[in-house]
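J.: Structure incoming, see below.
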Amino acid sequence: MSKPSQSLCFLDSNIWLYALITSTQTDKRHEKARYLISSKEEVIVTSTQVISEVCVNLLKKSILNEQQIENLIKSFYIKYRVIEINQEILLTASQLRTQYHFSFWDSLIVASALYADTSILFSEDMQDGLIVFNKLEIINPL
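See the structure below:
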């Protein structure tokens, strides 16, 4: 019997950061984010923007050095489908800012998720339960 297929999903940079940064305090978000990524590994889509945001935060917080960042970038491209920002995404992001009042950077995340034809965007800091263009549901998994 074959495994049921899962819909494609997109993870905002905050989910990746919770998964990659271990806190000295007991933080359930770290474990929840790690579980989400491991359980959805085959259907995760990301973008160059998300990879950039993750890397800059890991460098800024001195979590990873430059060699580790290079390895992380390579692993994103090996494991996941990576969307590059293009004209269609930029124009969709503009429509999203007008219609849904997203910030500039959040609109690019949402537009990238739509471009990749994902049905779920996991994010901690966007409106949980919002359905965008009747295609994409934003879910806070943490």
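Sequential numbering from 2 applies to the sequence shown in my numbering.
Beta carbons are placed, not taken as given, at the ideal position from N, Cα and C, and that holds for glycine.
These numbers come from a predicted model, not from an experiment.
Using the C-alpha atoms, what's the distance from Ser8 back to Tyr36?
T.: Between Tyr36 and Ser8, the C-alpha separation is close to 17 Å.
J.: Mapping DSSP to helix, strand and coil, what is Ser104?
T.: Looking at Ser104 - three-state DSSP - the assignment turns out to be coil, as it is neither helix nor strand.
J.: With Cys10 and Ile121 assumed to form a contact (beta carbons below 8 Å), what rounded beta-carbon distance in angstroms separates them?
T.: The Cβ separation is near 4 Å, so the contact holds.
J.: For Phe77, I'd like the list of residues in its chain whose CB is within less than 7 Å of its CB, leaving aside the five on either flank, ordered along the chain.
T.: Hits under 7 Å: Thr47, Ile52 and Val83.
J.: Say the cut is 6 Å; is the CB of Phe11 nearer than that to a heavy atom of the ligand NAD?
T.: Among the components modelled here there is no ligand, and therefore nothing to report on the ligand NAD.
J.: If you follow the alpha helix (DSSP H) that Ser39 is in, where does it begin and where does it stop?
T.: Segment Lys29 to Lys41, the alpha helix (DSSP H) holding Ser39.
J.: Counting along the chain, where does the alpha helix (DSSP H) carrying Ile79 start and finish?
T.: Looking at the DSSP string, the run of the alpha helix (DSSP H) that includes Ile79 is Glu67 to Lys80.
J.: Could you check whether Arg98 and Ser113 sit closer than 7 Å to each other, using their CB atoms as the reference points?
T.: No, the pair does not count as a contact, with Cβ atoms beyond the cut-off.
J.: When you compare only the Cα positions, how much space is there between Ser14 and Ser39?
T.: C-alpha separation (whole angstroms): 16 Å.
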